[in-house]
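Written out below as C-alpha cells is the structure these notes cover.
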Amino acid sequence: MTASRMAPKTAELRSRTALRPDVLAHWYAAAARDLPWRGGGVSAWAVLVSEVMLQQTPVARVLPVWSTWMARWPDPMGLADDTPADAVRAWGKLGYPRRALRLHAAAHRIVTQFDGSVPASVADLESLPGIGAYTARAVAAFAFGARTPVVDTNVARVFARALLGRAHSGPSVTAADRASVEALLPAGPAEAARFSVAVMELGALVCTAGSPSCARCPVRMDCAWHRAGAPAHAGPRRKPQRFEGTDRQVRGRLLDVLRGTAAPVSADDLGRAWTDSEQRSRALVSLLRDGLVEQITDGRFGLAGEGAAPEGSG
DNA sequence: TAGCCGTGGAG
DNA sequence: TCTCCAAGGCT
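Numbering (the numbering used here), first residue to last: 1 to 314.
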C-alpha cells in the first residue's frame, strides 16, 4: 500500500462501502478476542506495555508475559526503579529483547520527563524509546481515545484488499497509508478507535496474510479484492528471513545463558553456548554495543545493570 | 532504505 | 523437515 497504490482520491474511497464502521463494530462485538489489555479499567501503561510486546510477536506468546509484567510493574515508576537486567529477564523468550531495554528506558523517561504518567499525545509518545509511528498512535487511540489512524500490517492489508483490490499491502506502512486511513476514520474519537481495533482484529483473525477466511468475512460482499476473485499477488514478496546459523541465533543463545544465571558468567561459560568463537565474539560485541550485556571489572559478563558495582565502591 | 533484530507455533 | 511468519522500530 504505497503512496502510488493509494492513488484513488479520498472522496472516491469514502464512497465505497467496503469498510463500514457500523458493520465492523457489529462484527467486532461478536467475534473479537477477549484480551486483558482491551476494554475499560486498563491503564495507559498497561496498553503501552501490551503494544510493545505485540510488536512482531503473536498474542498467545504475549499473554502470560504481559500478565506477569503488569503484576510486577503496574506503573512506570516500578520498572524504572529496577534494573534493565530485571526487565530483560522478565521479558523471557518473547524475542527482540532490545524491546525490554527500550521499555525500561521509556519507563525512566516517563518518570523523569512526564511526571510518571504515560503521555497522551502522539508526538510525546513517539519521543519515547521503542515507540514508533504505529505504537504511539495505538496508545493514543486505545488508551486515551484520540482520533488518530492506527495502521499496522493488519490494517494496511485489509485496506489494500477491501478498498484497492490488492492481495497484499506494501512492505512497510507509510505516512501516506496513515493519511489514507485517517481520511476514512469516523468523525467521533470513540468510533474511530473502535473502527481501528475492529479492522486490526479483522486482519488478525479473518483477513490473514496467508489464507484469508473470506467465507466468514463481514465485508466480503463489498471487498474489492474478493469481488475480483481474490487474485494472487503479482509483485515480489518480502524476502523470507532465515535464522539458523545467523548472528541473531547466537545472540539469542548467549542471552539465554545470561538470563538463566543470577551471577555474571565467564567468557568460557558463554563459549558453551556457541562453538564458533569468531561468530560468538561478534554476537557478544553486538550485545555489548546494544547495552543488553555488560562486562564487569573482573572480565565476566552479565545482563545490563546487574553487574554494576555498588554505588560508592569505585 | 534495506537490513537487522528473536522466538517457536502452524501448516 | 522446512518454510513462513506475528499488533515494528531503528539505523
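For every residue, glycine included, the Cβ atom is placed at its ideal position computed from N, Cα and C.
This structure is a prediction, so every number in the text was calculated from the model and none was measured.
Reduced DSSP category for residue i - H, G, I as helix; E, B as strand; rest coil
| i | result |
| --- | --- |
| E51 | helix |
| S121 | coil |
| D222 | helix |
| A232 | coil |
| L284 | helix |
| Q241 | coil |
| G130 | coil |
| L94 | coil |
| E306 | coil |
| R20 | coil |
| C214 | helix |
| G400 | The structure shown does not extend to residue 400, since the chain is modelled only from 1 to 314, so the question has no answer here. |
| A209 | coil |
| R147 | coil |
Boundaries (first-last residue) of the alpha helix (DSSP H) holding residue i
| i | result |
| --- | --- |
| F144 | 133 to 144 |
| W274 | Unbroken run through W274: none, as it is neither H nor E. |
| V88 | 84 to 91 |
| R109 | 98 to 113 |
| G252 | 247 to 259 |
Counterpart residues of residue i in DSSP-defined beta bridges
| i | result |
| --- | --- |
| Q295 | F301 |
| V265 | F301 |
Exposure of residue i, with buried meaning 16 or more beta-carbon neighbours within 10 Å
| i | result |
| --- | --- |
| R178 | buried |
| T68 | exposed |
| M200 | buried |
| F243 | exposed |
| D152 | buried |
| S172 | exposed |
| S196 | buried |
| I296 | exposed |
| G245 | exposed |
| G299 | exposed |
| E278 | exposed |
| S213 | exposed |
| S211 | exposed |
| S169 | buried |
| S117 | exposed |
| P97 | buried |
| P231 | exposed |
| M53 | buried |
| P74 | exposed |
| R166 | buried |
| T174 | buried |
| R227 | exposed |
| G275 | First, the amino acid is wrong: residue 275 is Thr here, not Gly. It counts as exposed. |
| T208 | exposed |
| H26 | exposed |
| P264 | buried |
| A44 | buried |
| R220 | buried |
| R137 | buried |
| T261 | exposed |
Cβ-heavy atom distance, residue i to the ligand GDP, below 6 Å
| i | result |
| --- | --- |
| L19 | With respect to the ligand GDP, the structure offers nothing, as it holds no ligand at all. |
### Task
Could you pull out every unbroken alpha helix (DSSP H) segment of at least 4 residues lying fully inside the stretch 22 to 82, listed in chain order?
DSSP runs (the alpha helix (DSSP H)) wholly in the stretch 22 to 82: 44 to 53, 59 to 72, 76 to 81.
### Message
Please give me, in chain order, every unbroken run of the alpha helix (DSSP H) with length at least 4 that falls completely inside the stretch 149 to 198.
### Response
Runs of the alpha helix (DSSP H) lying entirely within the stretch 149 to 198, each at least 4 residues long, are 153 to 164, 175 to 183 in chain order.
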